[in-house]
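S.K.: Please find one structure pasted underneath; my questions will follow.
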Amino acid sequence: MMDWYSYISLCIFCVPQSVMTFNVDHAAWKTFTAPLTNNVAFGYKVIQEDMTRLTVSDPLIQINRDERGQIYSCDVNRGTCSSLNIYGRVPSEAVNMSLGLSMVKDPGSSKLVVCGPTIPKNCPGVSTYNGMCFVNEHRRSFTGPIPSSLRECPKSQIDIAFLLDGSGSVDPVDFNKMKAFVVEMIKSFIDRDTQFAIAQFSTECVIHYKFQQVKNPAWWQRAVNGIQQTHGWTFTATAIRLLVESLFVSSGGARQSASKILVVITDGESNDKFLTEAVQQAQEKSITRYAIGVGNAFNKYSARNELTVIASIPTDKHVFKVTDFDALESIREILKENIIAIEGTQTSGDSSRMEFAQDGFSAALTSDTDLIMTAVGAFQWKGGYQLFKLNDQTSVFQAGSEHNSYLGYSLAIATVYNTKYAVMGAPRHKHEGLVTVTRIDRMSDQIQLDPPKTQIGSYFGAEVCVVDLNSDSNTDLLLVSAPTYTESEREGKVFVYSYTRRPFFSFSDVVLVGMAGQRGRFGSSLASPADLNGDGFKDVLVGAPLEEDGKGSIYIFNGRDGGIISSYSQRIAGSSVQSGLQYFGVSLSQSSPDQTADSLPDIAVGSKGAVLLLRSRPIMLLETKVSYNPSKISTGHTDCKNQLQTTLIVCFTMKGYRHHKRDLNAKITYNITLDAKRQNHRAFFSAKDNLLSNVIDIGNTEVCKNHDFLIEACPEDALNPLSNQLKFTFEGLPSSQMQNLRPILLPEIKTTSDHDLDFERECGKDNVCVDNLRVDFNFSGSTNIEVGIMQEINVTVFVENRGENSYNTHFTLNYPYGFSYRRITSKQGRVECSSLDGEQGVRLGETECAISKPILKDNTKIVFEITYSINKEVTLGQNVIFSASVKSGNDKHSESSELSKKKSIDVKYGIYVALIRHENSTIHINFTSGKKDLSKPVQQTIKIENDLRPLAFTAFIRVPLKLGDTDIWKESTLQVSDCVKNKTEKPSVTNYMDDIKKHHVLNCSVAVCAVFICDVNLIKNERKLYNITGNVSSAWIEQTGLKSAVFELVSTTTMDYDMSTYVFFSSDSRNTAPSLQISTQVEVYEEVDLTKEIIGGVIGGLVLLALITAALYKAGFFKSQYKQMMEEAQGEEAPQ
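Given below as structure tokens:
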């Protein structure tokens, strides 16, 4: 039995809570507990349903002997919880299901799914574990269960039918080898409760033996050996349909309670065309199918694909391919084990199937009617999932690929452009973990995400969470946790993946970790409930329930444009929320509605026995302003004993950050340090003390405070200004209108600032320095900014003074987000610069330079160059604006001064697209000269790869269509995938026949070409294939009159893109877009006729034989032999 402590084990001694804080209030606004005092795991799951209610589960509470687990509805206003009546929907057989172990709310609707995955069922020899889920919508009664009943007990009977290929393509010797293989397979199962049937197919299908159970191996040996091969065509589909209708029925001897197995052995493709329909009939009767392909015919894709059509899923367990019939024996043992696995009694392979599935361990709605349920214990803990549709219709169970992987331990639904993907964790896959991403409407479309940093036992995939950063209903990020990933100072990591279309998600190199010194299973829970800090991007919550010796904590990571900030903005320890909490952060609500009626999101956090509701605090901006009276330090006095009295006016203005809430107040504690940058300060408040501290309260209006101070008369340094430093702290005060909620300051606000007080200048008789400043800049010869190509841009700045001395002259250049300050290069004069890069949507970048500090003398010109790096990922629009300004400490400027300048520069975006001939393109075809109306299939495949950035462009594919009036492609078979035929183009060469005879090249210069237009839309690093397919005719070759030649059939691909927006990145200086020519060799050869040579050889041989015979006769060869024989005969007769 599962209990709380087996789910969470205690960690070692941990350090106290983090000092980092932001805008979620540490104090719990409300605490919810179960109405029963003996709750076990209240808070295991929590969901904020709407603005008034929470739903909380306690899956481990034992209500009575048959009911384990309870769901509670908590009223936010009353602060109380009551149990929901779900057990009225629970069938009597579904006992002790641990209701609420899985609980999720569909973000697109108000539907709530609650599951209990631990229902035991007593079966002969084994106790199985099933699961059920229930659905609730709009607080109505629950519907379900899903599935409607528990799974049947495992079956121990097996009916195996062997379907043998007896077509004419099978050699009789090989047919006998096939029969021998069947006999050995029967012997392997003879001691089990197994029936066998044997059929043979060719043009007709013959059922030789219906299902029967004969325990005598010798009988089967004689029976199988007596089967005669029928020869004929290969009608596989007809045979399968016949067996489904006539053999796998009671009249065919099949048993209703037995597992049904069909083993198909064939040496080639079928000749009938309804194989898919026949296999579907077998699937509907739950017939498990094994397909064995023998021979080289299955080197072809179409033949291999036919095996996968015949076989059951997964195909790696049900498809076998061997080189010849002798090799059948090599697969017999594996086939036997796979079949036995269905019975659930083997000792290798899958020792169990769905007996310990625990359906609903995780669950999620994929639409208004469809529910996906995972089963981590299926197929010897491979795990897997199943899609349940309306009216209890189900799809085929999709099992994992590795034993003890726990696929489906975690589950999240990603949505991209209305397409949904199931993201599932398998935390024990090969002891390291794995995540799968599967397109729900096309289950075969799946990719796997391995851990970026592998570690045995890290439990990578224990939790998965999708993040929609900008709330546009499209998933931007995927978070995958490894809560037991161990390092020297911490435990647990969360890996951040970015959506990239293909391969769906890629690792972003961002890893989230908790506070050093803690070992608290960081990442045990994940959520992205809301934009907590009001910056327009969803934020992320991470639970670490074992931190601080089991008290627990949660972390907040803020979202940003395109990702997550890797350092946490806030850590909330359970001990700071409420004393006595255990496992705070074990669960997190996936949504954060405003449940406190303050127009701000709230977060619900589960702990052992309690759920805490935490409020987010309003974020504020604070503007500071410091001025002086008098505005300059007088230098015209002669009495150096009397100090100069000056007043400093400091003003604070508080505004809401992206909100307009009223009745918010704060206490500002500030320090002012006079002449802060000097050790020997020239100003003081009293008794040589240059530090002042003060406290003021501030609301929605500006608050100012005056502070008098003294300045030394006649200081040694009367040129450099007094740099007075203001430093403050912000403390939000309780708001009565927001139930004592306190505002908090935006962290990006600087709490320290310097404010200069300048000395007066001696500037001639009128004592007024009138400078004549002029500022200008250019982009150092650049006419465009090429994002992704240019790494840097140089801005050349000119500052000139044509008037009297200019004191403390400062130059400022504002530049857009996406540019980063790198360096300053002085070309003429002295300059010192500092820079702060921009933040998107908050501020522009700003480079500030002191020009010839402290005095820019008259008739002086300063020239320098500022270098900025360009973010290659940034999107800037069609142009960007740089704004320059210059100012000085002078009281007056010449009317002809040019103190500001604004210039724009066009922006183009670097693109790089590669057009590549794909390896699957046809290289060579040939025809025999003189044979008319021939055709051969040709495929030319263009691979288009896009780097750098998302890009939409048009590809033009030109394919030779006609040579003169003769078609190059047979009967309009020419096609280009995903492209539209736009027009035809005439050849540029008029005497095309002479040209093709001379060069043997068939391209658009000699042939009429078809132009196909392809609209290409690729994201970064995406690639796509375009196939030119069809049957090339030999007719066009005949009109050339050539009997033997090799031609090149050339298709051309070019691209067209918006050149006003993009610039192509290439190694040459012209930045020209690529083009591609794909050629296929078309050979014609003359067939050799040896008839004349054969006849001539025969006649010549006969003449030669006649001459030899005549020569022997003339030499007396035949005569002398005869004479000798006569003499020998006479010698024998003489004695008589």
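Residue numbers 1 to 1136, in UniProt numbering, belong to the letters of the sequence shown in order. All C-beta atoms in this analysis are idealised placements derived from N, C-alpha and C, irrespective of residue type, glycine included.
The alpha helix (DSSP H) that contains Asn305, what's its start and end?
M.R.: Tyr301 to Ile310
S.K.: Quick check: what's the CA-CA separation for Val1046 versus Leu915?
M.R.: 26 Å
S.K.: For the beta strand (DSSP E) holding Arg289, just list the boundary residues, first then last.
M.R.: If you look at Arg289, you'll find it in the beta strand (DSSP E) that goes Ile287 to Val294.
S.K.: Rounding to the nearest angstrom, what Cα-Cα distance links Ser686 and Ser900 in this structure?
M.R.: 41 Å
S.K.: With a CB to CB cut of under 8 Å and the five nearest residues on each side skipped, what residues in its chain are close to Thr276?
M.R.: Val309
S.K.: Which residues in the same chain have their Cβ closer than 7 Å to the Cβ of Ile749, if we skip the five residues on either side of it in sequence?
M.R.: Leu621 and Leu622
S.K.: Name the one or two DSSP bridge partners that Asn558 has.
M.R.: Here Asn558 is not bridged, per DSSP, to any residue.
S.K.: Does the distance from the CB of Cys979 to the CB of Cys1009 come in under 8 Å?
M.R.: no
S.K.: Please determine if the region 608 to 621 and the region 577 to 595 are in contact, where contact requires at least 3 C-beta pairs separated by less than 8 Å.
M.R.: yes
S.K.: Excluding the 5 residues preceding and the 5 following Val319 in the sequence, name in chain order all residues of the same chain whose CB lies nearer than 7 Å to its CB.
M.R.: Ala291, Leu307, Thr308 and Ala311
S.K.: Enumerated in chain order, which unbroken segments of the alpha helix (DSSP H) with a length of 4 residues or greater are wholly contained in the region 212 to 268?
M.R.: 217 to 225 and 236 to 246
S.K.: In the region 682 to 712, which residue ranges form an unbroken beta strand (DSSP E) of at least 3 residues, counting only runs that do not cross its ends?
M.R.: Listed in chain order, the complete beta strand (DSSP E) runs (minimum 3 residues) inside the region 682 to 712 are 691 to 698 and 703 to 711.
S.K.: Can you give the Cα-Cα distance for Leu1018 and Gly144, rounded to whole angstroms?
M.R.: 43 Å
S.K.: Name the two residues that bound the continuous alpha helix (DSSP H) containing Val182.
M.R.: Pro172 to Phe189
S.K.: Here's the rule: buried if 16 or more other CB atoms are within 10 angstroms of the residue's CB, otherwise exposed. What is Met354?
M.R.: buried
S.K.: When you compare each of Arg662, Lys187 and Thr860 to residue 1209 by their alpha carbons, which one comes out closest?
M.R.: Outside the displayed span of the chain (1 to 1136) sits residue 1209, for which this structure offers no information.
S.K.: Once you ignore the five residues that flank Ala278 on each side, which residues in its own chain have a CB closer than 6 Å to its CB?
M.R.: Ala237, Ile240 and Arg241
S.K.: The alpha helix (DSSP H) that contains Gly550, what's its start and end?
M.R.: Glu547 to Gly550
S.K.: Taking a contact to mean a Cβ-Cβ separation below 8 Å, would you say Ala282 touches Val244 in this structure?
M.R.: yes
S.K.: Nearest by alpha-carbon distance to Val378: which of Glu333, Ala426, Ile711 and Glu1083 is it?
M.R.: Residue 378 is actually Ala in this sequence, not Val. If we check each option's Cα against that of Ala378, Ala426 comes out closest.
S.K.: What span of residues does the beta strand (DSSP E) with Thr624 cover, start to end?
M.R.: Ile619 to Asn629
S.K.: Let me make sure I understand the geometry here. Which of Lys321, Tyr406, Ile372 and Ser735 has the alpha-carbon closest to that of Phe356?
M.R.: Tyr406
S.K.: By the DSSP assignment, the alpha helix (DSSP H) with Val279 in it spans what residues?
M.R.: Leu275 to Glu284
S.K.: Would you mind reading off the limits of the alpha helix (DSSP H) that contains Thr80?
M.R.: No alpha helix (DSSP H) holds Thr80; the beta strand (DSSP E) holding it covers Thr80 to Ser83.
S.K.: In chain order, what residues of the same chain have a beta carbon less than 7 Å from the beta carbon of Gly344, not counting five sequence neighbours either side?
M.R.: Confidence at Gly344 is low in this model, with a pLDDT of 41, below 50, so the placement of that residue is unreliable and no value is reported for it.
S.K.: Going by DSSP in three states, Thr347 sits in which element: helix, strand or coil?
M.R.: With a pLDDT of only 31 at Thr347, under 50, the local geometry of the prediction cannot be trusted, and the value read off the model is given with reservation. Reduced to three states, the DSSP call for Thr347 is coil.
S.K.: Using the Cβ count rule (16 or more neighbours within 10 Å means buried), how would you classify Gln195?
M.R.: The C-beta of Gln195 has 16 or more other C-beta atoms within 10 Å across all chains shown, which makes the residue buried.
S.K.: From the DSSP secondary-structure annotation, give me the bridge partner or partners of Ser127.
M.R.: Asn122
S.K.: Which residues bound the beta strand (DSSP E) around His999?
M.R.: The continuous stretches of beta strand (DSSP E) do not include His999, which lies in the alpha helix (DSSP H) extending over residues Tyr992 to His999.
S.K.: Please report the distance separating the alpha-carbon of Gln1039 from that of Asn296.
M.R.: Straight across, the Cα-Cα distance linking Gln1039 with Asn296 is about 38 Å.
S.K.: With the cut-off set at 8 Å, would you say Phe953 and Ile870 are in Cβ contact?
M.R.: no
S.K.: For Asn740, which residues of its own chain have a beta-carbon under 8 Å away from its beta-carbon, when the five flanking residues on both sides are left out?
M.R.: The answer, listed in chain order, is Pro734.
S.K.: Would you say Gly43 and Ser587 are within 8 Å of each other, going by their C-beta atoms?
M.R.: yes
S.K.: Among Phe777, Val770 and Asn700, which one has its Cα closest to the Cα of Glu895?
M.R.: Val770
S.K.: Which term fits Arg1073, buried or exposed, when burial requires 16 or more other beta carbons within 10 angstroms of its beta carbon?
M.R.: The displayed chain sequence assigns Ala, not Arg, to residue 1073. Burial call: buried.
S.K.: Hey, quick one: how far does the beta strand (DSSP E) through Asp1015 stretch, first residue to last?
M.R.: Val1008 to Leu1018
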